[in-house]
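For this note's numbering, count along the sequence shown from 1 and bump the result up by 103.
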Amino acid sequence: MKKIIELQEATKVIQNGLEEERVILDHVSLTIYEGDFITVLGGNGAGKSTLFNVIAGTLPLTEGRILIHDTDVTNWSPAKRAQFIARVFQDPKMGTAPRMTLAENMLIAYYRGEKRDLSSRQLKEKLDYFKNLLKKIPNGLENHLDTEVQSLSGGQRQALSLLMATLKKPDLLLLDEHTAALDPKTSKDLMKLTQQFVEEMKLTSLMITHSMEDALQYGNRLLILKNGQIIKDLQQDEKAQLSLQDYYQFFD
Numbered sequence: 104m105k106k107i108i109e110l111q112e113a114t115k116v117i118q119n120g121l122e123e124e125r126v127i128l129d130h131v132s133l134t135i136y137e138g139d140f141i142t143v144l145g146g147n148g149a150g151k152s153t154l155f156n157v158i159a160g161t162l163p164l165t166e167g168r169i170l171i172h173d174t175d176v177t178n179w180s181p182a183k184r185a186q187f188i189a190r191v192f193q194d195p196k197m198g199t200a201p202r203m204t205l206a207e208n209m210l211i212a213y214y215r216g217e218k219r220d221l222s223s224r225q226l227k228e229k230l231d232y233f234k235n236l237l238k239k240i241p242n243g244l245e246n247h248l249d250t251e252v253q254s255l256s257g258g259q260r261q262a263l264s265l266l267m268a269t270l271k272k273p274d275l276l277l278l279d280e281h282t283a284a285l286d287p288k289t290s291k292d293l294m295k296l297t298q299q300f301v302e303e304m305k306l307t308s309l310m311i312t313h314s315m316e317d318a319l320q321y322g323n324r325l326l327i328l329k330n331g332q333i334i335k336d337l338q339q340d341e342k343a344q345l346s347l348q349d350y351y352q353f354f355d
């Protein structure tokens, strides 16, 4: 199987008060293979967000290495890693530019990871393309290309963020509790859309969730984090044998 991302003894230590240190990621080694859809569970402070931040490059490692396609990217900036990694955040406001239109937001996503210059961005020429892409989202957004994103609902913005993150197929899609701020029905609808995108585009994805049901239903692997360490890395067949009660026991 082809390796996409590899963490080798990834460790993050922060200063927690005067001359006090706290380990928030503790010698984590993890290999993510092409086509993996990995769900990540863990209590508060388990290290889930830290794991995502060190992969994305927004938090530098204290020790260890991160490789993308066998290239050491440990010291690469988030902008440089953006050519490989896309992310959908928990807050619907974080994945989009609120005062720009849907079309302008999609144009930003279109050029994700590319160097910017002073040449024309050719928005008008891409409107039909963007309109067809928006038809993938079953809420009529294809008819609102000129609408400012700030006028959309949270569910619409998250669906748009997902579409933008996958407009150029990323090597790794980070789903950072992307349904947590939504009501139950909207959350369920977005998870169905997420699964559709993963299957159709054959995406490699890592998804943090607090939903035990989603952890059971989605993905071919499950990581369980506790105290900055991966305490379980379950494959599809192992995951299928566990009940909700089994999952709760991991957090005792």
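Glycine included, each C-beta is placed from N, C-alpha and C at the ideal position.
Beta-carbon proximity of residue i to residue j, cut-off 8 Å
i: Leu255; j: Asn208; result: no
i: Leu144; j: Ala318; result: yes
i: Leu133; j: Leu170; result: no
i: Leu296; j: Leu270; result: no
i: Lys141; j: Arg324; result: Note that residue 141 is Ile in the sequence shown, not Lys. Closer than 8 Å, so yes.
The beta strand (DSSP E) enclosing residue i, as first and last residue numbers
i: Ser132; result: Glu124 to Tyr136
i: Thr312; result: Premise fails: Thr312 is in no beta strand (DSSP E) and is neither H nor E.
i: Ile188; result: Ile188 to Val191
i: Ala113; result: Lys106 to Gln118
i: Asp279; result: Leu275 to Asp279
Limits of the alpha helix (DSSP H) - the one that residue i falls within
i: Gln299; result: Pro287 to Met304
i: Gly146; result: Element bounds for Gly146: n/a, residue is neither H nor E.
i: Lys151; result: Lys151 to Ala159
i: Asp231; result: Leu226 to Leu237
Burial state of residue i, where buried means 16 or more other Cβ atoms lie within 10 Å
i: Glu280; result: buried
i: Arg184; result: buried
i: Ser308; result: buried
i: Ala212; result: buried
i: Gly198; result: buried
i: Asp173; result: exposed
i: Asn119; result: exposed
i: Pro273; result: buried
i: Leu277; result: buried
i: Asn178; result: exposed
i: Asp292; result: buried
i: Pro195; result: buried
i: Met304; result: exposed
i: Ala182; result: exposed
i: Tyr321; result: buried
Residues of its chain near residue i, where Cβ-Cβ distance is below 6 Å and the 5 sequence neighbours each way are ignored
i: Val116; result: Glu124, Val126 and Thr165
i: Phe233; result: Ala206 and Met209
i: Ile334; result: Ile327
i: Leu162; result: Asn156
i: Met104; result: Tyr136
i: Ala149; result: Leu328 and Lys329
Cut-off 7 Å between Cβ atoms - residues of its own chain near residue i, not counting five sequence neighbours on either side
i: Gln193; result: Asp279, Glu280, His281, Ala283 and Ala284
i: Ser222; result: The predicted model places Ser222 with a pLDDT of 45, which falls under 50 and marks its position as unreliable; any figure quoted below should be read in that light. Excluding positions up to five away in sequence, the list is empty.
i: Asn242; result: Gln259 and Ala262
i: Lys238; result: Glu245
i: Leu275; result: Ile107, Ile108, Ile135, Phe187, Ile188, Thr307 and Leu309
i: Asp175; result: Arg168
i: Thr250; result: Thr204 and Leu205
i: Gly138; result: Lys305 and Thr307
Three-way DSSP call (helix, strand, coil) for residue i in this model
i: Gln339; result: helix
i: Leu255; result: coil
i: Arg215; result: coil
i: Leu345; result: coil
i: Tyr350; result: helix
i: Lys329; result: strand
i: Arg184; result: helix
i: Glu166; result: strand
i: Thr204; result: strand
i: Thr174; result: strand
Cβ neighbours of residue i in the same chain (closer than 8 Å, five flanking residues each side left out)
i: Gln253; result: Pro201 and Arg202
i: Ser152; result: Asp279 and Ile311
i: Leu347; result: Met315, Glu316 and Leu319
i: Leu230; result: Ala206 and Leu248
i: Gly257; result: Pro195, Ala284, Leu285 and Thr289
i: Tyr351; result: Met315
i: Ala268; result: Ala189, Arg190, Val191, Gly198, Ala212 and Leu276
i: Glu112; result: His130, Val131, Ser132, Glu166, Gly167 and Arg168
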